[in-house]
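Only one structure is covered here, and it is reproduced in the block below.
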Amino acid sequence: MSKIHYFQRYSTIENTVTNNTLLLVARIYNHAPEQASRFLSEIVGETLDVGIGISQQGKEASSVPDGSIVQRGFKILIESKVDAAVCKKQLLQHANAFTNEARKILLLLTIQRFDKDKEATLKKAIQKKYSDVLFKNVTYEEICSVISSLFLPHENEMKSLVDDYVEYCNDTKLFDQSKYLMRIVPCGNSIELNKKFAMYFQPSDRGYTKHSYVGIYTRKIVQCVWKIDSVFDIEWKGSKFTRTLIQGRATSDYDANIKKMIRQAKVECGYNIRSGHRFFCGKEAVETKYCKTSSGGIQGARLVNLKEVVGEFKGDQDLAAKLREKTWE
Numbered sequence: 001m002s003k004i005h006y007f008q009r010y011s012t013i014e015n016t017v018t019n020n021t022l023l024l025v026a027r028i029y030n031h032a033p034e035q036a037s038r039f040l041s042e043i044v045g046e047t048l049d050v051g052i053g054i055s056q057q058g059k060e061a062s063s064v065p066d067g068s069i070v071q072r073g074f075k076i077l078i079e080s081k082v083d084a085a086v087c088k089k090q091l092l093q094h095a096n097a098f099t100n101e102a103r104k105i106l107l108l109l110t111i112q113r114f115d116k117d118k119e120a121t122l123k124k125a126i127q128k129k130y131s132d133v134l135f136k137n138v139t140y141e142e143i144c145s146v147i148s149s150l151f152l153p154h155e156n157e158m159k160s161l162v163d164d165y166v167e168y169c170n171d172t173k174l175f176d177q178s179k180y181l182m183r184i185v186p187c188g189n190s191i192e193l194n195k196k197f198a199m200y201f202q203p204s205d206r207g208y209t210k211h212s213y214v215g216i217y218t219r220k221i222v223q224c225v226w227k228i229d230s231v232f233d234i235e236w237k238g239s240k241f242t243r244t245l246i247q248g249r250a251t252s253d254y255d256a257n258i259k260k261m262i263r264q265a266k267v268e269c270g271y272n273i274r275s276g277h278r279f280f281c282g283k284e285a286v287e288t289k290y291c292k293t294s295s296g297g298i299q300g301a302r303l304v305n306l307k308e309v310v311g312e313f314k315g316d317q318d319l320a321a322k323l324r325e326k327t328w329e
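First residue of the sequence shown: 1, per this note's numbering; consecutive thereafter.
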């Protein structure tokens, strides 16, 4: 079954990107205003208190009232860029749209950061005319980095929301993290076959985010890993064997093992995967022991950014060794 997403995938135009990003902020704010404050503060680089402030017996200019309720006074204007060039005139028009806000922040979202000279030139042009406007260039990757640390493992709905926004940015090429992504896939009866052939299969119409590594999981442990060499959709009807390349290297090197996997999956597991299935093929499954420490298993696949987990690594053996020293929740 295709995965249902929180964020629209059908277009990468600026309006859709902006809408999805604002939806993300709104959902975070509805869940916990203090987390929205933390998120915006880290993105902007300034402390921002979101929502209302409630205090008791705070001293005012000429009195000490029993209490006060104050709406925070700031405004953030966002300009999102994907393919279009950044226009200084447009940014100046945005800066002119501020009125009497206590804090005025103009946020430019881009796929790649400007070099320091270009950002400094834009900032200087804006502050020359609007000295009280803070201009900040932020990438979509930086947004994803900040939101990934906002919520605890048990906050399942918000973790799913964050994961989907990160996947959205990756799927729509707002940034490409796929070379660092390992997809942890729960395997049942087929796990020994998965290990034996360094091959994972799933229905061709099941959604997923592009990734470069597979982690085979069962009993709360990622037991082996491999780097994806080729991904194929397979149709094997009678004597006709057809492979369609989805990702990676176009090769017939895996044909024999795919056929063995199909035959043995039928005999040993009762799975009929001759048609309508996608095969994620690697050269060798390397044993590891990447343990899940939180209670319960996983209901579906999980994406892990290996660079964030183990840092740099050289090849599957090095990756497997470093994962043995780590745990996850």
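Just so you know, even glycine gets a beta-carbon here, dropped at the ideal spot from N, CA and C. Quick caveat, the model's predicted, so the values are computed rather than measured.
### Query
Glu60 by DSSP, collapsed to three states: which one?
What you label residue 60 is simply residue 60 of the sequence shown in a count that begins at 1. Note that Glu60 has pLDDT 49, beneath the 50 cutoff, so the model's placement of it is unreliable and no number is given.
### Task
Could you say which of Glu101, His94, Gln93 and Met199 lies nearest to Glu284 if we only look at CA atoms?
By 1-based counting over the sequence shown, the position of residue 284 is 284. Closest option to Glu284, Cα to Cα, is Met199.
#### Entry: Own chain partners of Thr18 with C-beta closer than 7 Å, once the 5 adjacent residues on each side are dropped
Here residue 18 is taken as the residue at index 18 of the sequence shown, counted from 1. In chain order, Ile78 and Ser80 place their CB closer than 7 Å to the CB of Thr18, counting only its own chain and leaving out the 5 sequence neighbours on each side.
### Task
Select from His31, Ala320 and Leu193 the residue whose C-alpha is nearest the C-alpha of Asn257.
Position 257 of the sequence shown, counted from the first residue, corresponds to residue 257. Nearest Cα to Asn257 within the set His31, Ala320 and Leu193: Leu193.
### Message
DSSP three-state label for Tyr130, please.
### Response
Against the sequence shown, residue 130 aligns to sequence position 130. In this structure, Tyr130 counts as coil in the three-state DSSP scheme.
### Query
If you draw a straight line from the alpha carbon of Ile126 to that of Val138, how long is it in whole angstroms?
The residue labelled residue 126 in the question sits at position 126 within the sequence shown. The residue labelled residue 138 in the question sits at position 138 within the sequence shown. Distance between Ile126 and Val138, taken at the CA atoms: about 16 Å.
### Task
Report yes if the C-beta distance between Val162 and Arg183 is below 7 Å; otherwise report no.
Along the sequence shown, read from residue 1 onward, the residue named residue 162 stands at position 162. Along the sequence shown, read from residue 1 onward, the residue named residue 183 stands at position 183. No, they are not a contact pair.
### Task
With DSSP as the reference, please indicate the residues paired to Gln202 in a beta bridge.
Against the sequence shown, residue 202 aligns to sequence position 202. Paired residues: Arg278.
### Message
Here's the rule I'm using: 16 or more other beta-carbon atoms within 10 Å means buried, otherwise exposed. How should Ala36 be labelled?
### Response
Taking the sequence shown and counting its residues from 1, the one referred to as residue 36 is at position 36. By the 16-neighbour rule on beta-carbons within 10 angstroms, Ala36 is buried.
### Task
Compare the Cα-Cα distances from Arg219 to each of Leu181, Arg274, Val44 and Ile298 and report the closest residue.
As a working mapping, residue 219 is identified with position 219 in the sequence shown. Of the candidates Leu181, Arg274, Val44 and Ile298, Ile298 places its Cα closest to the Cα of Arg219.
### Task
Can you give me the Cβ contacts of Phe74 inside the same chain, cut-off strictly under 8 Å, excluding the 5 residues immediately before and after it?
One-based indexing of the sequence shown puts residue 74 at position 74. Excluding the 5 residues flanking it on each side, Phe74 has same chain C-beta neighbours closer than 8 Å at Leu48, Glu101, Ala102, Arg103, Lys104 and Ile105, in chain order.
#### Entry: Residue span of the alpha helix (DSSP H) that contains Cys144, given as start and end
In the sequence shown, counting from the first residue as 1, residue 144 sits at position 144. Here the alpha helix (DSSP H) through Cys144 covers Tyr140 to Ile147.
### Message
Could you tell me which whole beta strand (DSSP E) segments of length 3 or greater appear in the stretch 177-202?
### Response
Runs of the beta strand (DSSP E) inside the stretch 177-202: 181-186.
### Message
Taking a contact to mean a Cβ-Cβ separation below 7 Å, would you say Ala97 touches Val225 in this structure?
### Response
Residue 97 sits at position 97 when you count from the first residue of the sequence shown. Residue 225 sits at position 225 when you count from the first residue of the sequence shown. No, these two residues do not count as a Cβ contact at 7 Å.
#### Entry: Option in Gly248, Lys159 and Lys227 with minimal Cα separation from Asp233
For the purposes of this step, residue 233 is taken as the residue at position 233 of the sequence shown. For the residues Gly248, Lys159 and Lys227, the minimum Cα distance to Asp233 belongs to Gly248.
### Task
Note down the Cα distance separating Pro203 from Arg72, rounded to an integer number of angstroms.
Along the sequence shown, one-based indexing puts residue 203 at 203. Along the sequence shown, one-based indexing puts residue 72 at 72. Taking the straight line joining both Cα atoms gives about 50 Å.
### Query
Taking the alpha-carbon positions, what's the Lys266 to Glu157 distance?
Translated into the one-based positions of the sequence shown, residue 266 becomes position 266. Translated into the one-based positions of the sequence shown, residue 157 becomes position 157. Separation of Lys266 and Glu157 (C-alpha to C-alpha, rounded to the nearest whole angstrom) is 36 Å.
### Query
Whose C-beta lies closer than 6 Å to the C-beta of Ser294 among residues of the same chain, with five residues either side of it excluded?
To locate residue 294, count along the sequence shown from 1; it is residue 294. Only Pro153 and Glu329 meet the Cβ criterion.
### Query
When the Cα of Ser131 is compared with those of Gly282, Ala95 and Lys118, which residue comes out closest?
Locating residue 131 in the sequence shown gives position 131, counting from the first residue. Here the closest residue by C-alpha is Ala95.
### Query
Per DSSP, which one or two residues make a beta bridge with Leu77?
Stepping through the sequence shown from its first residue, residue 77 is reached at position 77. Answer is Leu106, bridged to Leu77.
### Residue span of the beta strand (DSSP E) that contains Ile234, given as start and end
By 1-based counting over the sequence shown, the position of residue 234 is 234. Counting along the chain, the beta strand (DSSP E) containing Ile234 begins and ends at Ser230 to Lys237.
### Query
Is Glu101 helix, strand or coil when you go by DSSP?
The count along the sequence shown starts at 1 and reaches residue 101 at position 101. Note: Glu101 maps to coil in three-state DSSP.
### Query
Taking C-alpha atoms, which residue in Asp316, Leu306, Lys123 and Cys144 lies nearest to Thr21?
Mapped onto the sequence shown, residue 21 falls at position 21. Ranked by how close their Cα comes to the Cα of Thr21, the residues Asp316, Leu306, Lys123 and Cys144 have Cys144 in first place.
### Message
Helix, strand or coil, according to DSSP, for Lys89 in the structure here?
### Response
By one-based count along the sequence shown, residue 89 stands at place 89. Here Lys89 sits in helix by DSSP.
### Message
Please report the distance separating the alpha-carbon of Glu167 from that of Ser178.
### Response
Stepping through the sequence shown from its first residue, residue 167 is reached at position 167. Stepping through the sequence shown from its first residue, residue 178 is reached at position 178. CA-to-CA, the gap between Glu167 and Ser178 works out to about 10 Å.
### Message
Considering only DSSP beta bridges, list what Thr327 is partnered with.
### Response
Here residue 327 is taken as the residue at index 327 of the sequence shown, counted from 1. For Thr327, which the question treats as bridged, DSSP gives the partners Cys291.
### Task
Look at the alpha carbon of Leu303 and the alpha carbon of Ile191, and state the distance between them as a whole number of angstroms.
Numbered from 1 along the sequence shown, position 303 holds the residue referred to as residue 303. Numbered from 1 along the sequence shown, position 191 holds the residue referred to as residue 191. For Leu303 and Ile191, the distance between alpha carbons rounds to 19 Å.
#### Entry: Same chain, Cβ closer than 8 Å to Phe123, neighbours up to 5 away in sequence not counted
What you label residue 123 is simply residue 123 of the sequence shown in a count that begins at 1. Here the sequence assigns Lys to residue 123, which means Phe is not the residue at that position. The answer, listed in chain order, is Phe135.
### Query
Alpha carbon to alpha carbon, what distance is there between Thr172 and Gln8?
Locating residue 8 in the sequence shown gives position 8, counting from the first residue. Locating residue 172 in the sequence shown gives position 172, counting from the first residue. In a straight line, the C-alpha of Gln8 is about 10 Å away from that of Thr172.
### Query
Going along the chain, which residues of its own chain have a beta-carbon closer than 7 Å to the beta-carbon of Ser148, five neighbours each way excluded?
What you label residue 148 is simply residue 148 of the sequence shown in a count that begins at 1. Counting only Cβ-Cβ distances below 7 Å, and skipping sequence neighbours, we find Val162 and Val166.
### Task
Using a threshold of 7 Å, state whether the C-beta atoms of Phe175 and Glu119 are closer than that.
As a first step, residue 175 must be located in the sequence shown, where it is residue number 175. As a first step, residue 119 must be located in the sequence shown, where it is residue number 119. No, the pair does not count as a contact, with Cβ atoms beyond the cut-off.
#### Entry: Residues bridged to Asn305 [DSSP beta-bridge criterion]
Reading the sequence shown from its first residue, position 305 is the one you call residue 305. Within the DSSP secondary-structure output, Asn305 pairs in a beta bridge with Leu181.
#### Entry: Cβ shell of Arg274 (< 6 Å), same chain only, five flanking positions each side left out
Locating residue 274 in the sequence shown gives position 274, where the first residue counts as 1. These residues qualify, in order along the chain: Trp236 and Ile262.
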